[in-house]
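Asks: Handing you this structure, nothing more for now.
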Amino acid sequence: MTAKLRIKAKGIEIEWEGEVEYLKKDLPDLISAIVAALGVGIPDDEESLEQPAQRKTGRTFTTVSLAAKAKPATASALFKVALATLQISDKLPSATTAQILAEMRKATQYFKPAMPTNIHKNIQTLLSKSEINEPSAGCYVLTQTEADKLEALV
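For the sequence shown, this note's numbering assigns the number 1 to the initial residue and increments by one for each residue that follows.
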């Protein structure tokens, strides 16, 4: 059985194709040797690790108020508005589908009863468009670009 692997990190790109056994046993050592030879290493202290950007706004807002400004015409757009409220205003690191749906329901002027039916299809569309990310199974966050767009409306 063969496998393919592509790694891009900090200006280094490694692409490999071969047997799975090699991938499990020898490839990690080879990659470590390449990284060491190039002089790119992982920082020893945790303080020097890059921290995620903190949101600039200290303001809080509701899904209703953001929806009134964004005017979401689709379930996907309302999903992003609800996720923005949870992520930016409520400062949740990520949100589950249930949390996002509950937040969507608060925007009664934009929420439609059929929206929960297609929510997983909408999530897949947003993921494929790189408008949201799934850092862990069933938990979602806006991409930086989408968060900035929605935060600008606040």
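Using N, Cα and C, we set each Cβ at its ideal position, and we do this for glycine too.
Would you list the one or two residues that DSSP bridges to Ile132?
Replies: Leu142
Asks: Does the region 70 to 78 come within contact of the region 114 to 129, defined as at least 3 CB pairs closer than 8 Å?
Replies: yes
Asks: Take Ser94 and list the residues in its own chain whose beta-carbon comes closer than 8 Å to its own, dropping the five residues that flank it on each side.
Replies: Excluding its 5 nearest sequence neighbours in each direction, Ser94 has C-beta neighbours in its own chain below 8 Å: Gln87, Pro135, Ser136, Cys139, Tyr140 and Val141, listed in chain order.
Asks: Would you mind sorting Val20 into buried or exposed? The rule is 16 or more other CB atoms within 10 Å of its CB.
Replies: exposed
Asks: Exposed or buried, what is Met1 when buried is set at 16 or more other beta-carbons lying within 10 Å of its beta-carbon?
Replies: exposed
Asks: Tell me the rounded alpha-carbon separation between Thr227 and Leu83.
Replies: The requested residue 227 is not part of the displayed model; the chain covers only 1 to 154.
Asks: Can you tell me where the alpha helix (DSSP H) with Gln99 in it begins and where it stops?
Replies: Its alpha helix (DSSP H) spans residues Thr97 to Lys106.
Asks: Starting from Val64, follow the alpha helix (DSSP H) in both directions and report where the run begins and ends.
Replies: Thr63 to Ala70
Asks: Report all residues from its chain with a CB closer than 6 Å to the CB of Tyr110; omit the five preceding and five following residues, and keep chain order.
Replies: Ala67, Pro72 and Leu78
Asks: Quick check on the DSSP output: the alpha helix (DSSP H) that includes Ala77 runs from which residue to which?
Replies: Ala75 to Ala84
Asks: Can you give the Cα-Cα distance for Glu131 and Thr143, rounded to whole angstroms?
Replies: Between the C-alpha atoms of Glu131 and Thr143 there is a straight-line separation of about 6 Å.
Asks: Which of the three DSSP states is assigned to Gln51 in this structure?
Replies: Note that Gln51 scores 40 on pLDDT, short of 50, meaning its location in the model is unreliable; the coordinates nonetheless yield the value given after this. Reduced to three states, the DSSP call for Gln51 is coil.
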